[in-house]
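As structure tokens, the structure follows; a few thoughts come after it.
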Amino acid sequence: LDQCTKGEQASFAKASRKRSLMTWHQVWSADRHGLGAEKIARNSIKAPISSHITEDIEYFIALRFCGKAPMVGYRINDVFRIIWLDRDFTLYKH
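Residue numbers (the numbering used here): 1257 to 1350.
Shown next as structure tokens:
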């Protein structure tokens, strides 16, 4: 987040706040390029995956935070853990 511009940081905060008021069902029902989500196959990720992210995490979740730029992470129960901010669209094939 420190590498983001002030505008990206503000967009991140706004997107996070809006989603905090939504259920996961609402997030999955929303447009994937808006407040919705999309699944990203684990083997589609081009960056190294930390060893603390075990193989039982079968896919990652992309949530848009600034325009179409995604934050990518995984969910355990109701907690979304952000691993990457893909500001330059290089993390996976878009």
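Where is the CB? At the ideal position from N, CA and C, for every residue including glycine.
Are the beta-carbon atoms of residue i and residue j separated by less than 8 Å?
i: L1319; j: R1273; result: no
i: I1296; j: Y1315; result: yes
i: Y1330; j: S1300; result: no
i: I1313; j: R1298; result: yes
i: R1343; j: E1264; result: yes
Where do the ends of the alpha helix (DSSP H) carrying residue i lie?
i: F1268; result: 1262-1276
Let me check understanding here. Comparing Cα to Cα, which of the options lies closest to residue i?
i: N1333; options: A1286, T1279, E1311, S1306; result: T1279
i: K1262; options: V1328, H1350, L1277, C1322; result: C1322
i: P1326; options: G1292, H1281, L1277, D1258; result: G1292
i: F1345; options: K1302, V1335, T1310; result: K1302
Provide the residue(s) that pair with residue i in DSSP beta bridges, ordered along the chain.
i: L1319; result: A1293, M1327
i: F1336; result: R1331
i: L1257; result: DSSP output for L1257 lists no bridge partner at all.
i: L1341; result: M1327
For residue i, name the three-state secondary structure that DSSP assigns.
i: H1281; result: helix
i: G1300; result: The sequence given here places Ser at residue 1300; Gly does not occur at that position. In this structure, S1300 counts as helix in the three-state DSSP scheme.
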